[in-house]
Amino acid sequence: MEHEHALALLAWARIWSPLAEAAAREEAWAALGLPDTFSAVSVEYWTGCHGPQAPLSLLLHAALGLDGSATREDWLRVMDHLDLAWDGVHLPPDQLGVACEVFACAIDAAEPVLVRELCARYLLPWCDTALARLPAGSAMGPVLDQFRADVTLASAHPH
Numbered sequence: 003m004e005h006e007h008a009l010a011l012l013a014w015a016r017i018w019s020p021l022a023e024a025a026a027r028e029e030a031w032a033a034l035g036l037p038d039t040f041s042a043v044s045v046e047y048w049t050g051c052h053g054p055q056a057p058l059s060l061l062l063h064a065a066l067g068l069d070g071s072a073t074r075e076d077w078l079r080v081m082d083h084l085d086l087a088w089d090g091v092h093l094p095p096d097q098l099g100v101a102c103e104v105f106a107c108a109i110d111a112a113e114p115v116l117v118r119e120l121c122a123r124y125l126l127p128w129c130d131t132a133l134a135r136l137p138a139g140s141a142m143g144p145v146l147d148q149f150r151a152d153v154t155l156a157s158a159h160p161h
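Going letter by letter, the sequence shown gives residues 3 to 161 in our numbering.
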């Protein structure tokens, strides 16, 4: 991938995926120019996004109150359209890290309709929901603001 917005979304995929290695997450954090280091917010990140009763669900259907089967099916159809396939261990297709990778591939494939629709239906609503659920003064606030800005920029300039 050569498109700068697609590369940024791949970095975000490493941030949001629980399967990413710690070093890959730190590298993505630095590449995105996020505040501090991932280590500085790691406890808040893990408890806020992956812990029991986490306020920021990284499953798009759960965060947005949508039917899980229909949401996963939407993402699988997009993956099929882009000729993407699973490789090894995988997360649900509507997990935010996976969604960022698929979104990056849609950008790279110059699919402006897919980019616009994924952004409008899932990614920006997730950002709005996550920001609303975030406790005041959270160290994750600037991270979510940057993610929202990157998603918005990518959807405005898909190629």
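Positions of the beta carbon are idealized from the N, C-alpha and C atoms, including for glycine.
Residue i: buried (16+ other C-beta within 10 angstroms of its C-beta) or exposed?
{"i": "PRO95", "result": "buried"}
{"i": "VAL91", "result": "exposed"}
{"i": "ALA138", "result": "exposed"}
{"i": "GLU103", "result": "buried"}
{"i": "ASP38", "result": "exposed"}
For the alpha helix (DSSP H) containing residue i, list its first residue and its last residue.
{"i": "THR73", "result": "70–83"}
{"i": "LEU126", "result": "126–135"}
{"i": "CYS107", "result": "98–110"}
{"i": "CYS51", "result": "40–51"}
Can you give me the C-alpha to C-alpha distance between residue i and residue j, rounded to a whole angstrom?
{"i": "ARG135", "j": "ALA56", "result": "10 Å"}
{"i": "LEU11", "j": "ALA72", "result": "24 Å"}
{"i": "VAL80", "j": "TRP128", "result": "18 Å"}
{"i": "ALA151", "j": "ARG74", "result": "25 Å"}
{"i": "HIS63", "j": "ARG123", "result": "11 Å"}
{"i": "ALA32", "j": "LEU125", "result": "22 Å"}
{"i": "LEU98", "j": "GLY67", "result": "15 Å"}
{"i": "LEU60", "j": "ALA22", "result": "14 Å"}
{"i": "THR2", "j": "ALA65", "result": "Residue coverage of the chain in this structure runs from 3 to 161, which leaves residue 2 outside it and unanswerable."}
Kindly list the residues whose CB is nearer than 6 Å to the CB of residue i, restricted to its own chain and excluding five residues on each side of it in sequence; keep chain order.
{"i": "ALA30", "result": "ALA13, ARG16, ILE17"}
{"i": "PHE105", "result": "LEU11, LEU120"}
{"i": "GLY70", "result": "HIS63"}
{"i": "VAL100", "result": "LEU93"}
Enumerate in chain order the residues of its own chain whose CB-to-CB distance from residue i is below 8 Å, with the five nearest sequence positions on each side excluded.
{"i": "ALA42", "result": "ALA141"}
{"i": "TRP88", "result": "none"}
Quick one: residues in its chain with C-beta nearer than 7 Å to the C-beta of residue i, no 5 flanking neighbours on either side, listed in chain order?
{"i": "ARG27", "result": "ARG16, ILE17, PHE40"}
{"i": "PRO20", "result": "HIS52"}
{"i": "CYS107", "result": "LEU84, LEU86"}
{"i": "LEU36", "result": "VAL145, GLN148"}
Are at least three pairs of beta-carbons, each pair with one atom in the stretch 44–62 and one in the stretch 139–154, less than 8 Å apart? yes
Are the stretch 149–160 and the stretch 117–129 touching, with three or more C-beta to C-beta distances below 8 Å? yes
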